[in-house]
Each structure stands twice: as C-alpha cells, then as structure tokens.
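Q: The numbering of the sequence shown is my numbering, which starts it at 1058 and goes up by one.
Please see the structure below; I have some questions.
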Amino acid sequence: MGKINIFFLLLFVFFILSGCLENQETKKNEVRKVETKDEDIIHSEVVSAKSTIEDAKSDEEITLQEKDEKWIWDGVNNYILFRNGHYVTAYQTFVEAVSHAKKMKESTVYFRGDKDIVWQSSNKSTSKLINAPLISQLPELPRGCEVTSLAMLLRTAGISEAKVNKTKLAKEIKRDTTPYKKENGQIFFGNPYDGFVGDMYSLNTPGYGVYHGPLAELAEQYIPNKVINMTGSEFEDIMFPVSNGNPVLVIHNSWFKKLPESQFQTWNTPTDKVKITMREHSVLITGYDKEYIYFNDPLSNIKNKKVNKKDFIDGWIQMGKQAITYVK
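Here you go:
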C-alpha cells in the first residue's frame, strides 16, 4: 500500500514539473510588455521597424511594406504614431493620432509611411507666412468661397492652373440637390456635410455652401493619398502643416469671430437637422504669429489678410473645427 502511494506521489510531482516547464516556455514566446511611466500614461513597449512590419502583415486592417528602405502604409490606419523614433501604433484619423501623441514626449505622427510628418511634439514655431496664390471667387462664383479656397490650396500643392481652377471645381464638387422649401416656419434644404447646397452662381436664388467632407473628396482626385482632413482638431495642431509651408483650408464665417446665436438657424435636411449661418465662409490660412492669423480671402480678394488670433480661433471652433490640408 505504501509503495502505491509513493508511485502516485511521484507521478503527481512529474505532472506539476511538466506544467511549470510548459508555462515558462509559453511566457518566452509571448510578446513582452514593459510598462513605462511618462506623464502618468502607461505605454506598451515600442518595437523596432522590422518587428512592426512583421506584425502588420498579419493585421486584417493594415498593411505595412518595406520598399527601397522606405515604408509604404496601405490601409485604413493612415496616421502612424512614433515615440522616440519607434513605432507605437496607427490610427484612422488625424485627430485620434495627434490626441494620443500629445500625451507622450518626443512623439511624431507620420502619414502613410515614414516620409511625411503631419505633427510633431518638438515643433515650437511661433510664426510663419506662406506665399500662396490668391484667387478671387468673384464675379463668377458669389457663393463659391469653398471651391475657390480649394483651388488656392491645390495650386500651392503644385497642380497647375491648366489642370485646376475655381470654375472647374465648381462643376465637380459633390452636390446635395434637395430643393429649398419653407413650411410652417421651418426650412427644408440640403446638408452641406453631404454636398454643395443650392445655387453657387447667383445670390438671387436659394443657396448656401459645402463643408469639409466633399471638399476633401474632391481634393483627393487631384492629389491622391496626400489629403489630410484635420477636422475636429485643436487649432494649434492644424498650424503644424502651416509651419511646414502647407496652407490650410478652413470653414469659417465672414466676420472672422464668434457669431451671436441670432445669426444661426436650423435646417431640416434629408440626413439630419443642421445648424446653419448665412455668414458661412471659407478661406485659406497662410500664416500665423503670436497675435494674428493670416489668410487668403477669396471674397475680399486680399492676400495674407490678418485677423486677431483669438477672434479667428473662436469663430473657427463655432463652425465645427473644419480644416483640410495636404502633404507634399
């Protein structure tokens, strides 16, 4: 009886030791995580570029390839976050990437590879002025400030006047053709988030404008894989491209400051209710300093027009923080 108990005891010890060895081997094969404290944020250990490429190959959403020692990022997560020169992760939008990058020191956000930097924590520039071409929306497009600002943006990006101009963009911009109707004190019309609303060519018939989405889509046709939609970002973050010499198209208002609520009305559109102001306007930001924001205004036809910085930012926030730019 004693021999049987010793046998089972030895067998039990054998299984325990086998399990411990298996656990140790499993731990060796697991991806090691290291917690580092940086401004009260806990991060996973960053990995090398080579490891990142290997990891991305098995990811269903993103593909990272190495070609001629350059990175090519192809997929939905176009904004790539690096910290201290090491890959951290990637995001679908500029806003997501930058909001996370701002929690880290020595962070950089790239766009679709390792060449184009769209945001960097080390940027300390306090002033910049870009020489972007000035184009007037008048007389052809009394409601065409957005496509005219887009024409200025694309011209600065290197697209020739022969290939792009305001009237061509006016024909190509996506439209919401919902007819204007006023019934029981309510307005039914199109949604500028979906396309240009109303008549762009005359102020004698109903019309409004268009917002960032359709503008970015149209810009993509001329400079594919280079358009950066920064809508929703903090104003200081959309100034990084300006620091690098790339102007920024914004949706604003013609007073260039925060408007009183009396200047707004609500429209019923096929997709949603939208808060609208007939003061809506679009300009191309060309510079900044400590006191002013500079921009090309297609309505007044003034190059590098300047407005008080705080006023400009307040008005821009009120209009939904809409901004698009490009990488060279």
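A virtual CB, placed ideally from N, CA and C, is assigned to each residue, including glycine.
What residue does the beta strand (DSSP E) around L1138 start on, and which one ends it?
A: For the purposes of this step, residue 1138 is taken as the residue at position 81 of the sequence shown. Residues Y1136 to R1140.
Q: Just to confirm before moving on: does the CB-CB distance between A1337 and Y1265 stay below 8 Å?
A: Taking the first residue of the sequence shown as position 1, residue 1337 is located at position 280. Taking the first residue of the sequence shown as position 1, residue 1265 is located at position 208. Reading off the sequence shown, one finds Glu at residue 1337, where the question assumed Ala. Yes, they are a contact pair.
Q: Within a Cβ cutoff of 7 Å, which residues of the same chain sit near N1282, ignoring the five residues on either side of it in sequence?
A: Position 225 of the sequence shown, counting from 1, holds the residue named residue 1282. Hits under 7 Å: R1169.
Q: Among residues of its own chain, excluding the 5 on either side of K1220, which ones have a beta-carbon nearer than 8 Å to its beta-carbon?
A: The count along the sequence shown starts at 1 and reaches residue 1220 at position 163. For K1220, where only same-chain residues beyond five positions count, the Cβ hits under 8 Å are Y1279.
Q: What's the call for N1353, buried or exposed, on a 16-neighbour Cβ count within 10 Å?
A: For the purposes of this step, residue 1353 is identified with residue 296 of the sequence shown, where counting begins at 1. So N1353 ends up on the buried side.
Q: With DSSP collapsed to three states, give me the class of V1204.
A: Within the sequence shown, residue 1204 is the residue found at index 147, counting from 1. V1204 falls in the helix class under three-state DSSP.
Q: Whole angstroms is fine: what's the gap from G1242's alpha carbon to F1253's?
A: For the purposes of this step, residue 1242 is taken as residue 185 along the sequence shown, with counting starting at 1. For the purposes of this step, residue 1253 is taken as residue 196 along the sequence shown, with counting starting at 1. Near 23 Å, if we compare the C-alpha coordinates of F1253 and G1242.
Q: Quick one: what does DSSP say W1373 is sitting in, helix, strand or coil?
A: As a first step, residue 1373 is located in the sequence shown; it is residue number 316 there, counting from the start. Looking at W1373 - three-state DSSP - the assignment turns out to be helix.
Q: Below 8 Å CB to CB, which residues in the same chain sit around I1285 once its five sequence neighbours on both sides are set aside?
A: Position 228 of the sequence shown, counted from the first residue, corresponds to residue 1285. For I1285, where only same-chain residues beyond five positions count, the Cβ hits under 8 Å are F1151, F1168, V1175, P1298, I1381, T1382, Y1383 and V1384.
Q: With contact counted as at least three CB pairs below 8 Å, one residue from each stretch, are the segment 1208-1216 and the segment 1300-1313 in contact?
A: These segments touch.
Q: Are the CB atoms of L1195 and V1204 within a distance shorter than 8 Å?
A: By 1-based counting over the sequence shown, the position of residue 1204 is 147. By 1-based counting over the sequence shown, the position of residue 1195 is 138. Against a cut-off of 8 Å, the Cβ pair of L1195 and V1204 comes out as no contact.
Q: What are the boundary residues of the alpha helix (DSSP H) that includes G1270?
A: For this step, residue 1270 is matched to residue 213 along the sequence shown. First-last of the alpha helix (DSSP H) with G1270: H1269 to Y1279.
Q: Which of helix, strand or coil does DSSP assign to V1384?
A: Along the sequence shown, read from residue 1 onward, the residue named residue 1384 stands at position 327. Looking at V1384 - three-state DSSP - the assignment turns out to be coil, as it is neither helix nor strand.
Q: With respect to the alpha helix (DSSP H) encompassing K1360, which residues constitute its N-terminal and C-terminal limits?
A: What you label residue 1360 is simply residue 303 of the sequence shown in a count that begins at 1. Here K1360 belongs to no alpha helix (DSSP H); instead the beta strand (DSSP E) covers I1359 to N1365.
Q: Classify Q1320 as helix, strand or coil using the three-state DSSP reduction.
A: Reading the sequence shown from its first residue, position 263 is the one you call residue 1320. If DSSP states are grouped into helix, strand and coil, Q1320 belongs with the helices.
Q: Hey, L1191 and N1358: beta-carbon distance below 8 Å or not?
A: Residue numbering aside, residue 1191 sits at position 134 when the sequence shown is read from its first letter. Residue numbering aside, residue 1358 sits at position 301 when the sequence shown is read from its first letter. For L1191 and N1358, yes; Cβs fall inside 8 Å.
Q: Using a Cβ-Cβ cut-off of 8 Å (strictly less than) and excluding sequence neighbours within five positions of I1375, which residues of its own chain qualify?
A: Within the sequence shown, residue 1375 is the residue found at index 318, counting from 1. At residue 1375 the sequence reads Gln, which differs from the Ile that was named. The answer, listed in chain order, is N1310, K1315 and L1316.
Q: Quick check: does the Cβ of P1327 come within less than 7 Å of any heavy atom belonging to the ligand NAD?
A: This structure does not include the ligand NAD; it has no bound ligands of any sort.
Q: Assign K1367 to buried or exposed, taking buried as 16 or more other Cβ atoms, counted over all protein chains shown, within 10 Å of its Cβ.
A: Locating residue 1367 in the sequence shown gives position 310, where the first residue counts as 1. Its Cβ having fewer than 16 others within 10 Å, K1367 is exposed.
Q: Any idea what DSSP makes of F1313, helix, strand or coil?
A: Along the sequence shown, one-based indexing puts residue 1313 at 256. Looking at F1313 - three-state DSSP - the assignment turns out to be coil, as it is neither helix nor strand.
Q: Spatial neighbours of T1235 within its chain, please: CB distance less than 7 Å, with the 5 preceding and 5 following residues excluded, ordered by chain position.
A: By 1-based counting over the sequence shown, the position of residue 1235 is 178. Only F1246, G1247, T1326 and P1327 meet the Cβ criterion.
Q: Given this structure, state the Cα-to-Cα distance separating I1308 from L1138, to the nearest angstrom.
A: Mapped onto the sequence shown, residue 1308 falls at position 251. Mapped onto the sequence shown, residue 1138 falls at position 81. Going by the C-alpha atoms only, they are around 27 Å apart.
Q: If you count every other CB in all the chains shown that lies within 10 Å of the CB of K1060, and 16 or more means buried, which is it?
A: In the sequence shown, residue 1060 corresponds to position 3, counting from 1. Because K1060 sits at a pLDDT of 48, beneath the cut-off of 50, its placement in the model cannot be relied upon, and the following sentence gives the value as read from the coordinates. That one is exposed.
Q: If you run the structure through DSSP and keep just helix, strand and coil, what is E1229?
A: If you number the sequence shown from 1, residue 1229 lands on position 172. Of the three classes helix, strand and coil, the one that applies to E1229 here is helix, per DSSP.
Q: Do you know whose CA, among A1273, K1239 and E1153, lies nearest P1436's CA?
A: What the structure shows of the chain is the stretch from 1058 to 1385, and residue 1436 is not part of that stretch, so it cannot be assessed.
Q: Hey, how far is the Cα of S1290 from the Cα of P1271?
A: For the purposes of this step, residue 1290 is taken as residue 233 along the sequence shown, with counting starting at 1. For the purposes of this step, residue 1271 is taken as residue 214 along the sequence shown, with counting starting at 1. The straight-line gap from Cα to Cα measures roughly 18 Å.
Q: Go to S1164, then tell me how far its beta strand (DSSP E) extends in each direction, as first and last residue.
A: For the purposes of this step, residue 1164 is identified with residue 107 of the sequence shown, where counting begins at 1. First-last of the beta strand (DSSP E) with S1164: S1164 to F1168.
Q: Would you identify the three-state DSSP class for I1342, choosing helix, strand or coil?
A: Taking the sequence shown and counting its residues from 1, the one referred to as residue 1342 is at position 285. Strand.
Q: What does a CB cutoff of less than 7 Å around W1373 pick up in its chain, not counting 5 residues either side in sequence?
A: Counting from 1 along the sequence shown, the entry for residue 1373 is found at position 316. Around W1373: F1292, V1307 and H1309.
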